[in-house]
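Participant: Residue numbers (our numbering): 1189 to 1590.
Starting off with a structure, shown below.
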């Protein structure tokens, strides 16, 4: 198999992490035990060439087809769901070498430094561009059989549709496209062919590390559909398991027997409602810049996943008790789950949590700096308490879908 994709430096501030992966690198690492016959084709920053070659050749034991550019691209995330800061800012790179690849099975990711033109018998394509995704054949790439693996937002932007099924049909009508896999986060993925539609469930993990989970999904799908000739739906089910292992344990490389075994360590998510039918009440203080920033980050993450959100700051505003309290209470009454931001132990937030618990509403709480002693009442009333922001966001979504 040939993997064509970026090798980047990725840094997270909360929680702290600093690695060299990128889409191409992570996909290659994920498959390195399952398929040692992989060549990774990528732009390679000269300022980190030694580190990159060590990872690919010595740790992952794979072949590297390197195309030199002056410096490695770096991504910095404030948290796992934030938009990254990308350096250098001037991309694509001036005078980047042209990459042209022909092979039997190719997994291709979109890259920032420049373009890669591929030609393969069976190609799996992940655009890797949530803002401006490009069609596979836009640069002259070709395949006998092509599978799109992309997220919901990319599918919408590529097709101009706001419905997954209609977007998939438009993509399937393009030349050589035989499979479209559309990922929808906590709601799993849909797998479309000309004659079939399958839903592939996601898995619930206690901790959630989402940076790069899509790379792992695409890699494992490519391996099973491209190399082992599994059906698209079966390949996507194994890919969903792989993404869960990565999100829950940051586990790569992956072992085939773990992905294909009858038993799996994480439970399936079986939603009873769509995100658009679920209301999440966002409780938390908003009286300082840092407090309001966190409220905005949480609200943006939930809305981006397709959920309805009631936020007292946005939907009621600031005012006297006679104005805001009845509206806030009604918001709790109408909600399916509460996400509570607990740092600072704000009195209003704690009251809202107590009201929700009394009502029987599921409560997911995020408290990065709170002590277990301070959160004792939440633990004792079966609230889910998380120190990691991203994990709290995902668990609120899963509770809302239950």
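Every residue gets a Cβ at the ideal spot worked out from N, C-alpha and C, and that includes glycine.
Please read these numbers as outputs of a predicted model, since none were measured by experiment.
(1) Answer with yes or no whether the minimum CB distance from residue 1439 to chain B is below 9 Å.
(2) Is it a yes or a no for the segment 1425 to 1432 touching the segment 1345 to 1362, going by three-plus beta-carbon pairs under 8 Å?
(3) Helix or strand or just coil, what does DSSP make of residue 1563?
(4) Here's the rule I'm using: 16 or more other beta-carbon atoms within 10 Å means buried, otherwise exposed. How should residue 1506 be labelled?
(5) Beta-carbon within less than 7 Å of residue 1272's beta-carbon, same chain only, minus the 5 sequence neighbours each way: which residues are those?
(6) For residue 1467, which beta-bridge partners are listed by DSSP?
(7) Assign residue 1556 to one of three DSSP states: helix, strand, or coil.
(8) With DSSP as the reference, label residue 1526 as helix, strand or coil.
(9) Rank 1467, 1582, 1196 and 1222 by C-alpha distance to the C-alpha of residue 1409 and give the top, closest one.
(10) Which residues bound the alpha helix (DSSP H) around residue 1342?
(11) Helix, strand or coil for residue 1308, going by three-state DSSP, please let me know.
(12) Could you tell me which residues DSSP puts in a beta bridge with residue 1291?
(13) Could you give the distance in angstroms between the alpha-carbon of residue 1243 and the alpha-carbon of residue 1259?
(14) Can you give the Cα-Cα distance for residue 1395 and residue 1577, rounded to whole angstroms?
(15) Name the residue from 1342, 1343 and 1307 whose alpha carbon lies nearest to the alpha carbon of residue 1330.
(16) With a cut-off of 8 Å on the beta carbons, I'd call residue 1589 and residue 1461 a contact; round off their distance for me.
(17) Taking Cβ to Cβ, would you say residue 1503 is nearer than 9 Å to residue 1519?
(18) Which value, in whole angstroms, describes the spacing of the CA atoms of residue 1194 and residue 1400?
(19) Could you say which of 1571, 1363 and 1203 lies nearest to residue 1556 if we only look at CA atoms?
(20) For a test of the three-state rule: what should DSSP assign to residue 1277, helix, strand or coil?
(21) Over what stretch of residues does the beta strand (DSSP E) that includes residue 1411 continue unbroken?
(22) Report yes if the C-beta distance between residue 1339 and residue 1268 is below 9 Å; otherwise report no.
(23) Quick one: give me the first and last residue of the alpha helix (DSSP H) that residue 1542 is part of.
(24) In the DSSP assignment, what are the bridge partners of residue 1572?
(25) Kindly indicate which three-state DSSP category residue 1484 falls into: helix, strand or coil?
(26) Can at least three beta-carbon pairs, one atom from the segment 1236 to 1250 and one from the segment 1211 to 1228, be found at a separation below 8 Å?
(27) By the DSSP assignment, the beta strand (DSSP E) with residue 1256 in it spans what residues?
(28) Return the CA-CA distance between residue 1328 and residue 1305, expressed in angstroms with no decimal places.
(29) Quick test of the definition: if touching needs 3 or more C-beta pairs under 8 Å, does the segment 1463 to 1473 touch the segment 1436 to 1452?
(30) Spatial neighbours of residue 1341 within its chain, please: C-beta separation below 6 Å, excluding the five flanking residues on both sides.
Facilitator: Straight from the coordinates:
(1) No chain B appears in this structure, which consists of one protein chain only.
(2) no
(3) Start at 1 with the first residue of the chain shown, and residue 1563 comes out as number 375. The answer is coil: DSSP assigns residue 1563 none of H, G, I, E or B.
(4) Along the chain shown, one-based indexing puts residue 1506 at 318. So residue 1506 ends up on the exposed side.
(5) Position 84 of the chain shown, counted from the start, is the residue given in the question as residue 1272. 1263, 1264 and 1265.
(6) On the chain shown, position 279 is the one that residue 1467 refers to. Note: residue 1467 sits in a beta bridge opposite 1496.
(7) The residue given as residue 1556 occupies position 368 in the chain shown. The answer is coil: DSSP assigns residue 1556 none of H, G, I, E or B.
(8) Position 338 of the chain shown, counted from the start, is the residue given in the question as residue 1526. Correct three-state label for residue 1526: strand.
(9) For the purposes of this step, residue 1409 is identified with residue 221 of the chain shown, where counting begins at 1. Checking every option, the nearest Cα to that of residue 1409 belongs to 1222.
(10) Numbered from 1 along the chain shown, position 154 holds the residue referred to as residue 1342. Looking at the DSSP string, the run of the alpha helix (DSSP H) that includes residue 1342 is 1340 to 1347.
(11) Taking the chain shown and counting its residues from 1, the one referred to as residue 1308 is at position 120. Reduced to three states, the DSSP call for residue 1308 is strand.
(12) In the chain shown, residue 1291 corresponds to position 103, counting from 1. 1308.
(13) Stepping through the chain shown from its first residue, residue 1243 is reached at position 55. Stepping through the chain shown from its first residue, residue 1259 is reached at position 71. Going by the C-alpha atoms only, they are around 17 Å apart.
(14) Translated into the one-based positions of the chain shown, residue 1395 becomes position 207. Translated into the one-based positions of the chain shown, residue 1577 becomes position 389. The alpha-carbon atoms of residue 1395 and residue 1577 are separated by roughly 10 Å.
(15) Counted from its first residue, the chain shown places residue 1330 at position 142. The candidate whose alpha carbon is nearest that of residue 1330 is 1307.
(16) As a first step, residue 1589 must be located in the chain shown, where it is residue number 401. As a first step, residue 1461 must be located in the chain shown, where it is residue number 273. The pair is a contact, with the Cβ atoms about 6 Å apart (cut-off 8 Å).
(17) To locate residue 1503, count along the chain shown from 1; it is residue 315. To locate residue 1519, count along the chain shown from 1; it is residue 331. Contact: yes.
(18) Here residue 1194 corresponds to residue number 6 of the chain shown, with the count starting at 1. Here residue 1400 corresponds to residue number 212 of the chain shown, with the count starting at 1. Distance between the alpha carbons of residue 1194 and residue 1400 is about 12 Å.
(19) Numbered from 1 along the chain shown, position 368 holds the residue referred to as residue 1556. Comparing alpha carbon positions, the residue from 1571, 1363 and 1203 closest to residue 1556 is 1203.
(20) Within the chain shown, residue 1277 is the residue found at index 89, counting from 1. Correct three-state label for residue 1277: coil.
(21) Counting from one through the chain shown, the residue named residue 1411 turns up at place 223. Careful: residue 1411 lies outside any beta strand (DSSP E) and carries neither H nor E.
(22) Residue numbering aside, residue 1339 sits at position 151 when the chain shown is read from its first letter. Residue numbering aside, residue 1268 sits at position 80 when the chain shown is read from its first letter. The answer is no: Cβ separation not under 9 Å.
(23) Counted from its first residue, the chain shown places residue 1542 at position 354. Element bounds for residue 1542: 1535 to 1547.
(24) Within the chain shown, the letter at position 384 stands for residue 1572. By DSSP's assignment, residue 1572 forms a beta bridge with 1552.
(25) To locate residue 1484, count along the chain shown from 1; it is residue 296. Three-state result, residue 1484: helix.
(26) yes
(27) Position 68 of the chain shown, counted from the first residue, corresponds to residue 1256. Residues 1251 to 1257.
(28) Start at 1 with the first residue of the chain shown, and residue 1328 comes out as number 140. Start at 1 with the first residue of the chain shown, and residue 1305 comes out as number 117. The alpha-carbon atoms of residue 1328 and residue 1305 are separated by roughly 6 Å.
(29) With a cut-off of 8 Å, the segment 1436 to 1452 and the segment 1463 to 1473 do not count as touching, because too few Cβ pairs lie within range.
(30) As a first step, residue 1341 is located in the chain shown; it is residue number 153 there, counting from the start. Within the same chain, residue 1341 has close Cβ partners 1318.
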